[in-house]
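Student: My questions will all concern the structure given below.
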Amino acid sequence: MKKLFVIIAAGLVTTSSLVAQDKYFTKSGRINFMSKATLENIDANHKSVTCVLDTKTGNMQFAVLMKGFEFEKALMQEHFNENYVESHKYPKAEFRGQVVNNPEINYTKEGIYPAKVKGTLTIHGETREVETTGNVVVKSGKLQAAAEFTILLSDYKIEIPKVVKDNISNTVRITIDCSLEPLKG
Amino acid sequence: MKKNSFLLVVMISFLVRLHAQDDLLSLVGEDKPKKEFVEYAFKSSRVIMSHSLEVIRPGVMDFRILHRFGNINGGAYEFFGLDNATMRMGFDFGLTRNLMIGIGRSTNKKELDGFAKYRLLHQAKQGGLPFSLLFAGGGSLTTLRNTDTTRKNYFSSRMGFYGQAIIGSKLSEGFTIQLMPTVVHRNLVPTVNDPNDMFAVGVGSRLKLSRRLSLNIDYYYRINPNEADGTKNPLSVGFDIETGGHVFQLHFTNAVGMNEKVFLTETTNDWTNGDIQFGFNISRSFQIKKKK
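Those protein sequences? They're chains A and B, same order as listed. Heads up: take any position in the first sequence, counting from 1, add 5, and you land on our numbering. Heads up: take any position in the second sequence, counting from 1, add 537, and you land on our numbering.
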């Protein structure tokens, strides 16, 4: 029996340490979202995006606190939280997916690699499939992950009232820029 | 036994790995709940007539037009009060996160008024205070010509002041309540029976009906009014409707005045007689200084 525990413990230690070495993360990633409309543009930035990438499997996950988006106009920020994304009900947005062409990226060799990412994005309590291509830059032990894609607000059941329909576009462009550091187990 | 334990190890390792891959985010630790200020207790910086728990944001100018029609019980001849109207036009400015100032002018008594409102304590979630505390203070100056020439008219006689504490809490996403202990000082009162310093306690509340619509109530109980002059406690009930850049506050009220001194000391209409007016406030925000 004693032996069994030793083996289990050894197993746990090796697996977890093995897993941890391949992971990169950040808690200060950046996301910008931009929606162009005839009357005015809606532009917001987030500076504390959490992102974790497992280079071994290509698994990639993001988490964003909706209240952290900063707008130029205070009223826009209020309306974003209160009326559109309802951040008190749905405080977080999440992406869970994979780097599809993970084997093609050599994380140990410096360079710029195109990355195709596919997964599910959850905003406002709604989950949709998204797919995009971006870049992974490997430089001095760090990874720089950048991507850009567009989503439709209507996909996530974010309603635009009729009176402001001309002011707000249904299409939102999302730009991601994260500098990932090795995650120490 | 050996075989079994080996299997177990494999299974556990597998599970651990699977789990790790499924939830990478948990590896870096869930975002710890941070202390987070409770915002948006009201749609606007006023409940209806009173200052609310909200302070407009720095760099924002709020242009406010307040309108009160005549008494509804004037009947069809007065078009249910719509033939008569008084208004106050005002500009409020957000200076810092916790400080705002404003000026305004009312047609009623050709009165100018100004105020400052400061948030001392801010309600917060996750280990913060369960309530907010603000202070508001202001003054008013009537610019009506002196009609009584039998006495010496001092300039100071035109002035009135008020001080107010606002204590309140956004108890839930949809419900906010606040109390407003208030003192109003009038340099000149109509009769010797009128107190120069009038004390009152107000209560203001908001019930959100939908994302863009709320029901608001605003009431003051006056502690030492002049019982003989027929003035009443002011009560306003109405809806806040938010449409993009505007907040419309549509309401019924017995208060004609649109600053603290007037609605606390000169409200003569009585709800029980049907002496109420329809009124609306329009608030339009302009970002005059952009955030960096």
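We treat Cβ as the ideally placed atom computed from N, Cα and C, and that holds for glycine. Predicted model, so just to flag it, every value in this text is computed and none were measured.
Where does H659/B fall in DSSP's three states?
Tutor: DSSP places H659/B in coil when its eight states are reduced to three.
Student: If you follow the beta strand (DSSP E) that L801/B is in, where does it begin and where does it stop?
Tutor: Per DSSP, L801/B belongs to no beta strand (DSSP E); it is in the alpha helix (DSSP H), E797 to T802.
Student: Using C-beta distances below 8 Å, list every residue in its chain close to K827/B, excluding the 5 sequence neighbours before and after it, in chain order.
Tutor: Result list for K827/B: G596, in chain order.
Student: With 16 as the cutoff for other CB atoms within 10 Å, does C183/A come out buried or exposed?
Tutor: Counting Cβ neighbours within 10 Å, C183/A comes out buried, since at least 16 surround it.
Student: Please confirm if the stretch 636 to 652 of chain B is in contact with the stretch 668 to 682 of chain B, defined as three or more CB-CB distances below 8 Å between the two stretches.
Tutor: In short, these stretches touch, since the Cβ pair count reaches three.
Student: In the structure shown, what three-state DSSP assignment does R688/B receive?
Tutor: Of the three classes helix, strand and coil, the one that applies to R688/B here is coil, per DSSP.
Student: Any beta-carbon of chain B closer than 8 Å to the one on H93/A?
Tutor: So, interface residue.
Student: When burial is assigned at 16 or more other CB atoms within 10 Å of the CB, is K798/B buried or exposed?
Tutor: So K798/B counts as buried.
Student: Once the 5 residues before and after G34/A are set aside, which same chain residues still bring their CB inside 6 Å of it?
Tutor: Taken in chain order, the residues that qualify are V54, C56 and C183.
Student: Could you give the distance in angstroms between the alpha-carbon of V142/A and the alpha-carbon of S742/B?
Tutor: Straight-line Cα distance between these residues: approximately 54 Å.
Student: Would a check of beta-carbon distances place S820/B closer than 8 Å to chain A?
Tutor: Judged by the 8 Å Cβ criterion, S820/B is not in contact with chain A.
Student: Can you tell which of H788/B, A702/B, F574/B and N763/B has its C-alpha closest to the C-alpha of M586/B?
Tutor: Checked all of H788/B, A702/B, F574/B and N763/B; the closest Cα to M586/B is H788/B.
Student: Checking the sheet assignment: what are the DSSP bridge partners for M717/B?
Tutor: Beta-bridge pairing links M717/B to G739/B.
Student: Name, please, each residue of chain A whose Cβ falls closer than 7 Å to the Cβ of E710/B.
Tutor: Those within 7 Å of E710/B in chain A are H93.
Student: Output needed for L636/B: all residues of its chain with C-beta closer than 8 Å, excluding positions within five of it in sequence on either side, in chain order.
Tutor: So the list reads V592, A653, K654, Y655 and R656, once near-sequence residues are dropped.
Student: Residue range of the beta strand (DSSP E) that A98/A falls in?
Tutor: K97 to V104 is the extent of the beta strand (DSSP E) around A98/A.
Student: Do the stretch 79 to 87 of chain A and the stretch 101 to 113 of chain A touch if we need at least three Cβ pairs shorter than 8 Å?
Tutor: Short answer: they don't touch.
Student: Could you say if the stretch 116 to 124 of chain A and the stretch 86 to 99 of chain A meet the contact criterion of at least three C-beta pairs nearer than 8 Å?
Tutor: Flag = no, the stretch 116 to 124 of chain A and the stretch 86 to 99 of chain A do not touch.
Student: Hey, is L844/B's beta-carbon within less than 8 Å of any beta-carbon in chain A?
Tutor: With chain B running from 538 to 829 in the structure shown, residue 844/B is simply not present.
Student: Check the Cβ-Cβ distances between T55/A and every residue of chain B, and say whether any is below 8 Å.
Tutor: For T55/A, the answer is yes, since a Cβ of chain B falls inside 8 Å of its Cβ.
Student: Name the chain B residues that come within less than 9 Å of A79/A, Cβ to Cβ?
Tutor: Result: I593, R594, P595, G596, V597, G631, S822, Q824 and K828.
Student: Taking 8 Å as the threshold (C-beta atoms), are E45/A and N172/A in contact?
Tutor: Yes, these two residues count as a Cβ contact at 8 Å.
Student: If you draw a straight line from the C-alpha of D629/B to the C-alpha of I638/B, how long is it?
Tutor: When rounded, the distance between both Cα atoms is 6 Å.
Student: Looking at the unbroken alpha helix (DSSP H) that takes in L670/B, where does it start and where does it end?
Tutor: Taken as a continuous stretch (DSSP letters only), L670/B belongs to no alpha helix (DSSP H), being part of the beta strand (DSSP E) at S669 to T679.
Student: Is N733/B near M696/B, with beta carbons less than 8 Å apart?
Tutor: Not in contact: N733/B and M696/B (Cβ atoms no closer than 8 Å).
Student: Looking at C-alpha atoms only, which residue of E75/A, S92/A, I163/A and F67/A is the closest neighbour of A151/A?
Tutor: Taking only the C-alpha atoms, the option nearest A151/A is F67/A.
Student: Determine the chain B residues that contact V104/A at a beta-carbon separation under 7 Å, and present them in chain order.
Tutor: None at all; the shortest Cβ gap to chain B is about 12 Å.
Student: Name, going along the chain, the residues of the stretch 779 to 792 of chain B whose beta-carbon falls closer than 8 Å to a beta-carbon of chain A.
Tutor: Listed in sequence order: E779, T780, G781 and G782.
Student: Contact defined as beta carbons within less than 8 Å: I believe V740/B pairs with P718/B. What is the distance between those atoms, to the nearest angstrom?
Tutor: With a Cβ gap of about 11 Å, V740/B and P718/B do not count as contacting.
Student: Exposed or buried, which one is G631/B when buried takes at least 16 other CB atoms within 10 Å?
Tutor: G631/B is buried by the Cβ-count criterion.
Student: Contact defined as beta carbons within less than 8 Å: I believe I778/B pairs with L750/B. What is the distance between those atoms, to the nearest angstrom?
Tutor: Yes, they are in contact, since the Cβ atoms of I778/B and L750/B sit about 6 Å apart, within 8 Å.
Student: Am I right that L671/B and L590/B are in contact with their C-beta atoms under 8 Å? What's the rounded C-beta distance?
Tutor: The Cβ separation is near 6 Å, so the contact holds.
Student: Please identify the residue among N175/A, L188/A and L185/A whose C-alpha is closest to the C-alpha of S40/A.
Tutor: The shortest Cα separation from S40/A among N175/A, L188/A and L185/A belongs to N175/A.
Student: Rounded to the nearest angstrom, how far is the Cβ of L70/A from that of P96/A, given a contact under 8 Å?
Tutor: With a Cβ gap of about 6 Å, L70/A and P96/A count as contacting.
Student: So the beta strand (DSSP E) L44/A belongs to, where does it begin and stop?
Tutor: L44/A -> no beta strand (DSSP E), and no H or E assigned at all.
Student: For T132/A, write down the residues that DSSP places opposite it in a beta bridge.
Tutor: The partner list for T132/A (beta bridge, DSSP) reads T127/A.
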